[in-house]
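Shown next, in C-alpha cells, is the structure this report addresses.
Residue numbers (this note's numbering), protein chains in the order written: chain A, 168 to 331; chain B, 168 to 331.
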C-alpha cells in the first residue's frame, strides 16, 4: 500500500529513530560504502555532516525514513545537489523512498540547485536503480567492481544524474 | 624537457610550498570544484584531510608538484583509491604530473588498493584528460554540465578509472 509520509527537517531528538534506520542498513553493508561495524556516533556524524540538510519521514507517528541533502561539490560544482536516502526495515515497499526523493527534488530546487547526482548507487540494489530511474535519473557512469558486496562479491556502482 | 622529480611524503614544513601551488590553481577555478576565494587554511585542510597521504615532487631543490592519495570510499568501497594532483605554475609541461601519477599508482598498489578513480576531471582540462588516458585511465562516466567554468560556462566533468 502506498503511503504519503510527512517529511520534515530532522531534529536532534530524532537521533535514536535515525540510528534505528541507519544501523541495520550499515550492518548489512549492501548499499552504502560505510564500514559494517560503524559506530552509532560515526554513522550519525556521516549522516549529519556539516552542510547536510537532514530530513525524516513520519507515518502514523513513527519515523519510517530519513534522507540528507547537500551540495555534491564546492566552487564550480556547487550547483549540483547530492542526497542519501534510507527507509526503515519494516517500512519498505510502500513508497517511502519515492516520497523522500520527490521531497528532495523540490527541496533542492528551492535551494537553487540545478541538478542532482547520486555518486555511488550499488548496481545490485536493483530496486533502488529502478526507483531512481522512475524518478527521472539517468545512469551517466558505471564504476567497475567498485563495491565489495558481502554476499555477491565485487559489483559495479552507478553514477546517476537528473536535471532539476 | 622531461624531468624526473624526486617524490617524497610531504612534511608540515612544506605547507608554504604547497600553498604556493594550490593558490593559483584554486584562484583560477578551472580544474577543481573548490571556491576561488578559498583561504589558505581551508585549502590546506582540504588537501591534508585526515586519511590523505600527501606527497610533494622536488626538482632542483624546488617543490614543483603535490598530490594526495586516499581511499575513495569506506567499507565496501575502500579498495578503490583516489588522488588529486597539482603542478606548480612554472613547472608545467615537463612531466611532473605524469611522474606524480606513476608514483601514486605504485603507492596505491603498495597500500593494497586494486583500482584508482578520479571523481571529477573537468572535461575542458584536455591536457589532464589526455595525460590520465595515457596513464591507463578510462572514462567511465560523464557528468553533464557538472562544473561552472569561469571562462567557458557549464562544462562536463568526467569520471575516470583504472585497475591497479
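We treat Cβ as the ideally placed atom computed from N, Cα and C, and that holds for glycine.
Hey, would you say residue 231 (chain B) sits closer than 7 Å to residue 181 (chain B), going by beta carbons? As a first step, residue 231 (chain B) must be located in the second chain, where it is residue number 64. As a first step, residue 181 (chain B) must be located in the second chain, where it is residue number 14. The answer is no: Cβ separation not under 7 Å.
First and last residue of the beta strand (DSSP E) that includes residue 316 (chain A)? Position 149 of the first chain, counted from the first residue, corresponds to residue 316 (chain A). Per DSSP, residue 316 (chain A) belongs to the beta strand (DSSP E) from 305-316.
Exposed or buried, residue 301 (chain A), counting other C-beta atoms within 10 Å across all chains shown (16 or more means buried)? Here residue 301 (chain A) is taken as the residue at index 134 of the first chain, counted from 1. So residue 301 (chain A) counts as exposed.
Could you tell me which whole alpha helix (DSSP H) segments of length 4 or greater appear in the segment 173-209 of chain B? 182-195
Check the Cβ of residue 208 (chain B) against every Cβ in chain A and list those closer than 7 Å, keeping chain order. Looking up residue 208 (chain B) in the second chain gives position 41. Result: empty, since nearest Cβ-Cβ is about 15 Å, beyond 7 Å.
In terms of residues, what are the limits of the alpha helix (DSSP H) holding residue 325 (chain B)? If you number the second chain from 1, residue 325 (chain B) lands on position 158. It is not in any alpha helix (DSSP H) - residue 325 (chain B) instead sits in the beta strand (DSSP E) that spans 320-330.
So is residue 271 (chain B) buried or exposed if we call it buried at 16+ other beta carbons inside 10 Å? Indexing the second chain from 1 puts residue 271 (chain B) at position 104. When all chains shown are included, residue 271 (chain B) counts as buried.
If you compare alpha carbons, which of A:283, A:172 and A:179 is closest to residue 350 (chain A)? The question about residue 350 (chain A) has no answer, for chain A in this structure spans 168 to 331.
Where does residue 198 (chain B) land, buried or exposed, given buried means 16+ other C-beta within 10 angstroms? Within the second chain, numbered from 1, the residue matching residue 198 (chain B) stands at position 31. By the neighbour-count rule (16 or more Cβ atoms within 10 Å), residue 198 (chain B) is buried.
Would you kindly work out how many angstroms separate the C-alpha atoms of residue 206 (chain B) and residue 190 (chain B), rounded to a whole number? Mapped onto the second chain, residue 206 (chain B) falls at position 39. Mapped onto the second chain, residue 190 (chain B) falls at position 23. Roughly 9 Å between the two C-alpha positions.
When you compare only the Cα positions, how much space is there between residue 263 (chain B) and residue 171 (chain B)? Here residue 263 (chain B) corresponds to residue number 96 of the second chain, with the count starting at 1. Here residue 171 (chain B) corresponds to residue number 4 of the second chain, with the count starting at 1. The straight-line gap from Cα to Cα measures roughly 7 Å.
Using Cβ-Cβ distances below 8 Å, what residues of the segment 304-320 of chain B are close to chain A? 307, 308, 309, 310, 311, 312, 313, 314, 315, 316 and 317
By the 7 Å beta-carbon criterion, what residues does the segment 171-197 of chain A contribute toward chain B? 196
Count the CB pairs spanning the segment 248-255 of chain B and the segment 281-292 of chain A that are closer than 8 Å, and state whether there are at least three. no
Report the rounded CA-to-CA distance for residue 220 (chain B) versus residue 239 (chain B), giving the unit in angstroms. As a first step, residue 220 (chain B) must be located in the second chain, where it is residue number 53. As a first step, residue 239 (chain B) must be located in the second chain, where it is residue number 72. Each residue's alpha carbon lies about 12 Å from the other.
Under a three-way DSSP split, which group does residue 268 (chain A) fall into? In the first chain, residue 268 (chain A) corresponds to position 101, counting from 1. Correct three-state label for residue 268 (chain A): helix.
Mapping DSSP to helix, strand and coil, what is residue 273 (chain A)? The residue labelled residue 273 (chain A) in the question sits at position 106 within the first chain. In the structure shown, residue 273 (chain A) sits in a helix (DSSP, three-state: H, G or I).
So if I threshold CB-CB distances at 7 Å, which residues from the segment 213-239 of chain B count as touching chain A? none
If I measure Cβ to Cβ from residue 299 (chain A) and keep anything under 7 Å in the same chain, skipping five residues before and after, which residues do I get? Translated into positions along the first chain, residue 299 (chain A) becomes position 132. Around residue 299 (chain A): 285, 288 and 327.
When Cβ atoms are compared, which residues of the segment 278-291 of chain A fall closer than 9 Å to chain B? 281, 282, 284, 286, 287 and 289
List the whole-angstrom C-beta distance separating residue 329 (chain A) from residue 305 (chain A), where the pair is believed to meet the contact cut-off of C-beta under 8 Å. On the first chain, position 162 is the one that residue 329 (chain A) refers to. On the first chain, position 138 is the one that residue 305 (chain A) refers to. That pair is a contact at about 7 Å.
Say whether chain A places a C-beta atom closer than 7 Å to the C-beta of residue 241 (chain B). Against the second chain, residue 241 (chain B) aligns to sequence position 74. Answer yes: the Cβ-Cβ gap between residue 241 (chain B) and chain A drops below 7 Å somewhere.
Tell me, which residues are paired with residue 236 (chain A) by DSSP? For the purposes of this step, residue 236 (chain A) is taken as the residue at position 69 of the first chain. DSSP, once it has assigned bridges, lists A:220 and A:250 as partnering residue 236 (chain A).
Where residue 295 (chain B) sits in the DSSP three-state scheme: Walking along the second chain from the start, residue 295 (chain B) turns up at place 128. Three-state result, residue 295 (chain B): helix.
Based on Cα-Cα distance, which residue from A:280, A:225, A:311 and A:314 lies nearest to residue 266 (chain A)? For the purposes of this step, residue 266 (chain A) is taken as residue 99 along the first chain, with counting starting at 1. With distances taken between Cα atoms, residue 266 (chain A) lies closest to A:225.
Taking only the alpha-carbon atoms, compute the straight-line gap between residue 307 (chain A) and residue 227 (chain B) and give it to the nearest angstrom. By 1-based counting over the first chain, the position of residue 307 (chain A) is 140. By 1-based counting over the second chain, the position of residue 227 (chain B) is 60. Going by the C-alpha atoms only, they are around 43 Å apart.
Using a Cβ-Cβ distance cut-off of 7 Å, determine whether residue 251 (chain A) contacts chain B. Looking up residue 251 (chain A) in the first chain gives position 84. Cβ-Cβ to chain B under 7 Å: no for residue 251 (chain A).
Check whether residue 279 (chain A) and residue 201 (chain B) have beta carbons under 7 Å apart: Here residue 279 (chain A) refers to the residue found at position 112 of the first chain. Here residue 201 (chain B) refers to the residue found at position 34 of the second chain. No, these two residues do not count as a Cβ contact at 7 Å.
Please confirm whether residue 296 (chain A) has its beta-carbon closer than 7 Å to some beta-carbon of chain B. Here residue 296 (chain A) is taken as the residue at index 129 of the first chain, counted from 1. No, residue 296 (chain A) does not count as interfacial toward chain B.
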